[in-house]
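Asker: The structure follows.
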Amino acid sequence: MNDNVGKACEDAVAQGVEFLTGQLEDIPWEGSVSIVKPDKIIVNRGSREGVTEGAKFDVGSIEEVVDEDTGEVLDSEMTKVATIEVTEVKEKIAYCKIIGGNGVQKGMTIFPAK
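Everything in the sequence shown is counted per the working numbering, starting at 71 for the first residue and increasing by one.
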């Protein structure tokens with residue numbers, strides 16, 4: 071393969087990867103609370119989703135705004151009850167502790183804290 075063609079391909083791939091990586095920040099990411107115990111909260115997201123020790127999540131319930139005519143979900147709104155912090159990460163789950171608020175229940179939604 072011609073050196074110029076190879077370099078052009080490498081540049082195109084690098085630009086594509088950079089573009090896609092930038093788009094990931096705009097993709098809504100959520101998980102849910104799987105288990106609630108007095109000393110820990112277990113969530114259904116782990117290292118395979120990029121969760122790391124020390125990460126913080128807002129916890130709450132989600133209410134969807136639905137167009138009554140079409141059934142289309144127009145937006146969603148979270149009622150936050152707590153903030154949790156990851157203390158241990160496994161591939162598919164993370165162990166967390168409550169660092170603010172209370173009332174965390176199984177099935178509640180988690181979002182990266184802002």
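All C-beta atoms, glycine included, are put in the ideal place defined by N, C-alpha and C. Keep in mind that this is a model prediction, so the values were computed, not measured.
Rounded to a whole number of angstroms, what is the C-alpha to C-alpha distance between V143 and D137?
Answerer: Residue numbering aside, residue 143 sits at position 73 when the sequence shown is read from its first letter. Residue numbering aside, residue 137 sits at position 67 when the sequence shown is read from its first letter. In a straight line, the C-alpha of V143 is about 6 Å away from that of D137.
Asker: According to the neighbour-count rule (16 or more other Cβ atoms, all chains shown, within 10 Å of its Cβ), is C166 buried or exposed?
Answerer: Looking up residue 166 in the sequence shown gives position 96. C166 should be labelled buried.
Asker: Excluding the five sequence neighbours on either side, which residues of its own chain have a C-beta within less than 7 Å of the C-beta of D145, listed in chain order?
Answerer: Here residue 145 corresponds to residue number 75 of the sequence shown, with the count starting at 1. Cβ within range, chain order: V135.
Asker: Between which two residues does the beta strand (DSSP E) carrying K150 extend?
Answerer: As a working note, residue 150 is residue 80 in the sequence shown. Run containing K150: V143 to V159, per the beta strand (DSSP E) assignment.
Asker: Leaving aside the five residues before and after G171 along the sequence, list all residues of the same chain whose C-beta is less than 8 Å from its C-beta, in chain order.
Answerer: On the sequence shown, position 101 is the one that residue 171 refers to. Taken in chain order, the residues that qualify are V129, K150, V151, A152 and T153.
Asker: Excluding five sequence neighbours on each side, which residues of the same chain lie with their C-beta closer than 8 Å to the C-beta of R118?
Answerer: For the purposes of this step, residue 118 is taken as the residue at position 48 of the sequence shown. The residues are E161 and K162.
Asker: To the nearest angstrom, how far is it from the Cα of G173 to the Cα of E123?
Answerer: Translated into the one-based positions of the sequence shown, residue 173 becomes position 103. Translated into the one-based positions of the sequence shown, residue 123 becomes position 53. Looking at the two C-alpha atoms, the distance is approximately 23 Å.
Asker: Buried or exposed for G120, please, with buried defined as at least 16 other CB atoms from any protein chain shown within 10 angstroms of its CB.
Answerer: Stepping through the sequence shown from its first residue, residue 120 is reached at position 50. The residue is exposed, with fewer than 16 neighbouring Cβ atoms inside 10 Å.
Asker: Among G116, K77, T140 and E80, which residue has its Cα nearest to the Cα of E155?
Answerer: Numbered from 1 along the sequence shown, position 85 holds the residue referred to as residue 155. Comparing Cα-Cα distances from E155 to each of G116, K77, T140 and E80, the minimum goes to G116.
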